[in-house]
Every structure is written in C-alpha cells, then in structure tokens.
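The structure appears below as structure tokens.
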Amino acid sequence: MLKGHQTWIFENRPVIAAAAAVGGPFEARGPLAADFDLLHGDLWAGQDSYEKAERKMLEEASRRAVDKAGLRKEDVQFFLSGDLGNQIIASSFAARSLGVPFFGLYGACSTAMEGLALGSLLVDSGAARYVLCATSSHNAATEKQYRYPTEYGSQRPPTAQWTVTGAAAAVVAATGDGPRVTAATIGRVVDMGMTDPFNMGGAMAPAAVDTIVAHFRDLNVCGGDYDLVATGDLGRVGHRIAADLLQKQGLAIPSFTDCGLLIYGPDHSMVMAGASGTACSAAVTYGHLLNRMKKGELRKVLIVATGALLSPLSYQQKESIPCIAHAVSIEYGGKE
Amino acid sequence: METYIWAFVIGGLICVIGQLLMDVARLTPATTMTILVVAGAVADGLGLYEPLIDFAGAGASVPITSFGNALVHGALLEAKTYGLIGILTGIFEVTSAGISAAIVFGFLAALFFKPRG
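Now the structure itself:
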C-alpha cells in the first residue's frame, strides 16, 4: 500500500525465509567473515575469468538461499537480480542456470534493496509466493569496467572505495518465520554535480539523505524508531557527509552506520575509505545484520542501499554522477 | 656522492610534479603521463633536457619525461644527417630499446600470467 509520496507499507509483512552470502578472499579476512555462508580463497573461484567467478558466486548464493529455505528452485516464482557488469551478465547468466523466471535489475550498488523492495511487493500483493532477490559484484571485474584494470596498478586516492567480491541472496516468502519486510521507500535520482569516480561515497551521500528524509516523512517516524539505520556503501567520507546533512535537518540518527564500513572493519589501509559494490549492502544485510536480528540484538533496522548511476561512457563525456538510494525496513520479533 | 644527491632531488621533483598533477589538478594518470612526456620533449627541443641529465644523471633519465626527451633527441639527430625523413626514422632511434623491451616483456608476462583484471 502506498503511504505518503514514495513509500510502500507491506501489510502482509513478507518474510525473509532464508538468506545466504558468499564472499571472496578479502571478505574472508574481514571482521564479518563468520557471517558468510561460503568464502572463496581466491578471486577466481575456480573459473578462468573474473566475470565467470562473479556469476559462480551469484549462483552459489542463490542456490544456498533456496536450500536454506527448504525449497526447490521450482518453488520460486521469480528471480530478481542485478550486478555491476555490462548488461548485468552475472545476473542474466546465473538466471540461465537457475531456470527461474527472471527480472534483471540495474541500480548500481542500490540494487540489493531495489530487489528486496520489488520482491516484497510481489509477495505482498499475491503476485508470487516465493521470490529470490540477489546481487553480486567482483572487485577485479568492476575495477576493470569502471576505473582501471587492476594490473595497471593505478594510484587510488584516500577517498576511493574497495569493491566487494561476493554475492548474496534472500528468499522472500508470503508465510513462515523470520525477519519481515515491513516497508520500502523508493529513492529519487539525486545529482549534486560530483564528477570524481574515486569519491562515490561523497557523491551518493545526498541521495541517501534524500531517501532517509522521505522515509521518515512518509511514515512519520524518526531515527530513534530504528535499532539501526545502515547506508549501503557510502564509506568513511560519504557516511560522515550523510550524518552531517541529517544533523543539519534535525534528523540525526542515534544508531547510524554504513555497510561499507562494517564489512572490512574501520582500519584497513588497502580499502581506503571503505567498501562498495552491489554485493556490499547485500552481503552485510543478508549475512551479518539478519544474523544479529536472529540473535535478538536488533529488532528493527532500515537498510538504505546507495547507488552511483554513472557509466564509463558518461564519465568520459565529463558528466556528473547521478545517485540513488532505496530504503527497506526489516523487523524481527515483536508484534506479529 | 654529489651526483646521487642531485639525482634524488631532481628525480624526486619530477615525481612531485606528477603527483601534484594527479592530486591537486585532479588529472587522470594517463593525462599526467602524457603531460610529462610532452614536457620532456619540449624541454629537449629547447636544448634544456640534456644539460639536466648531465647534471642529475638517473634523476633526469629515469622518469617518464626522459622518454619525451629521447623521442625528440633521436628525431633531431637523424634530421641533421638525413633531412626531413630523418625526423621519422629518428623518433625511435634512441627509444627502440625501451619500446622493444616493453613489447617483449609484455609478451612474456602475458604468456605466464592471466592479465584479465
């Protein structure tokens, strides 16, 4: 049901019946390693290209999530997936092997919550009983496409972020036990004229704030109503900007974090300002945060996945970076 | 000993210029490299780069500016002997070792590693 200007309330409260996260070697060394279902020791995952490795991780996460939900892939009506590759090949090719009716999504790093919002809407409205929502990204494949080939060894400024290698998937179901998706706010595209692809966090922060403000306004809630509000992949630079902007609007959030800061921990010299990538918010949410909810540490969270909608071509044509953020509210326990 | 110090200072200064072009002027690494190569070429055209190499040794001959210098230097040298056509034949006269090495080692690296990032 539409509430306010751009927010859906899911009255039937769709359930995240199961979720799975797969990571690469860098993720395996991070503080959230225990929250992954499967970790790969190298970037290749046994494949002969990074793109194939990403596809394999996406397939693994998807299959694992379906298994954990106690389902067969035939039980799943729709597969909603997206990634950062050209023509989202990781998703389309994974959909080829899964054989589940497929919606390909592209919202850059906001895709995880775009998928969860749409999947929950499908289930809530009765258009599906089970929907599989997934995303993936691969560090080497993404760097090659958006910035420089990794072998080139280009210098990265301190505002640069490290693309997560991995994939994560969640099965949204009409009934069952588990964390429930209660609302989603769909973001507008916000462009503040930033042009530096090595400072995505700074570019995306205003989009995150725009969506958070819209969510609070539409539902008439505030930051204190959530045990945790996590942005997708703003990193150290963008997260601070977002916190400042919210503070200025009088909407400071008591428990405000960023998935891009959680996945590798606060002090990691290689990752510069933090993590990014389509798999960043997905792996942190579907792995770490859902686990914390199941342990009873968190009851109500808001995930605000942020995406930078640039392309290598738009960058070469000296366009600024349009950004977007989608917010999904997940609750566990409490009133049913 | 003095040569080492000047090599360090001059080579370091060229690198500082490159770093400033990237960090302050926000140029891409490719643009920065091109500017340094062209600067070396122009400096040799004005007769300034050879004296710098005499003064600072490897401090001036190792940075990428030296490649621009070598391109122009070879072209001018051949031009003196063969006229206009010498400009074309001379461009790679001095730099041929470096360019050939890049091709050969690039080939070897591609044989033994997977350059797919």
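Sequences listed follow chains A and B, in order.
Read left to right, the first sequence gives residues 11 to 346 (our numbering).
Read left to right, the second sequence gives residues 91 to 207 (our numbering).
Glycine residues also receive a C-beta, built at the ideal position from the N, C-alpha and C atoms.
CB contact check: residue i to chain B, cutoff 8 Å
i        : result
Pro159/A : yes
Tyr60/A  : yes
Leu115/A : no
Lys345/A : Residue confidence for Lys345/A is low, a pLDDT of 48 falling below 50, so the modelled location carries little weight and cannot support an answer.
For residue j and residue i, believed in contact at Cβ under 8 Å, the rounded distance
i        : j        : result
Ala358/A : Ala178/A : Residue numbering for chain A in the displayed model covers 11 to 346; residue 358/A lies beyond these limits and cannot be assessed.
Val146/B : Gly102/B : For the sequence presented, residue 146/B should be read as Ala rather than Val. With 8 Å as the limit, Ala146/B and Gly102/B do not qualify as a contact, their Cβ atoms being about 10 Å apart.
Leu68/A  : Ala38/A  : About 18 Å separates the two Cβ atoms, so there is no contact after all.
Val181/A : Ala335/A : That pair is no contact at about 24 Å.
Ser330/A : Gly203/A : 5 Å
Gly248/A : Ala215/A : 4 Å
Val311/A : Ala240/A : 7 Å
Ala283/A : Ser120/A : That pair is no contact at about 18 Å.
Gly343/A : Arg302/A : At roughly 12 Å, the Cβ-Cβ gap does not stay under 8 Å, so Gly343/A and Arg302/A are not in contact.
Phe88/A  : Ala105/A : With a Cβ gap of about 10 Å, Phe88/A and Ala105/A do not count as contacting.
Ala193/A : Thr17/A  : 6 Å
Gly176/A : Gly33/A  : 4 Å
Burial state of residue i, where buried means 16 or more other Cβ atoms lie within 10 Å
i        : result
Val106/B : exposed
Gly197/A : buried
Gly129/A : buried
Phe202/B : exposed
Ser279/A : exposed
Asn149/A : buried
Asn209/A : buried
Arg74/A  : buried
Arg82/A  : exposed
Pro264/A : exposed
Lys13/A  : exposed
Ala63/A  : buried
Met123/A : buried
Lys345/A : Any reading at Lys345/A must be qualified, since the residue scores a pLDDT of 48, below 50, and its modelled position is unreliable; the value itself is stated next. Lys345/A comes out exposed.
Leu178/B : exposed
His50/A  : buried
Ile104/B : buried
Phe98/B  : exposed
Where residue i falls: helix, strand or coil (DSSP)
i        : result
Thr295/A : helix
Lys310/A : strand
Glu92/B  : helix
Gly33/A  : strand
Cys41/B  : A query on residue 41/B cannot be resolved here, the shown segment of chain B reaching from 91 to 207 and no further.
Gly196/B : helix
Tyr158/A : coil
Cys232/A : coil
Val25/A  : strand
Asp47/A  : coil
Gly343/A : coil
Tyr325/A : helix
Ala55/A  : coil
Ile331/A : coil
Asp113/B : helix
Asp220/A : helix
Tyr116/A : coil
Leu300/A : helix
Arg74/A  : helix
Tyr274/A : coil
Phe208/A : coil
Gly317/A : strand
Ile263/A : coil
Val86/A  : coil
Ile19/A  : strand
Ala268/A : A small correction: the amino acid at residue 268/A is Asp; Ala does not occupy that position in the sequence shown. Of the three classes helix, strand and coil, the one that applies to Asp268/A here is strand, per DSSP.
Below-8 Å beta-carbon distance, residue i vs any chain A residue
i        : result
Gly207/B : yes
Contact test: residue i Cβ vs the ligand SAH heavy atom, cutoff 7 Å
i        : result
Lys258/A : Because no ligand of any kind appears in the structure shown, any question about the ligand SAH cannot be addressed here.
Quick one: which residues of the stretch 327 to 340 of chain A get their C-beta closer than 8 Å to a C-beta of chain B? List them in chain order.
-> none
Which residues, taken in chain order from the stretch 100 to 129 of chain B, show a beta carbon closer than 8 Å to some beta carbon of chain A?
-> Met112, Asp113, Arg116 and Pro119
For the stretch 150 to 177 of chain A, which residues have a CB atom closer than 9 Å to at least one CB atom of chain B, in sequence order?
-> Ala150, Ala151, Glu153, Lys154, Tyr158, Pro159, Thr160, Glu161, Tyr162, Ser164, Gln165 and Pro167
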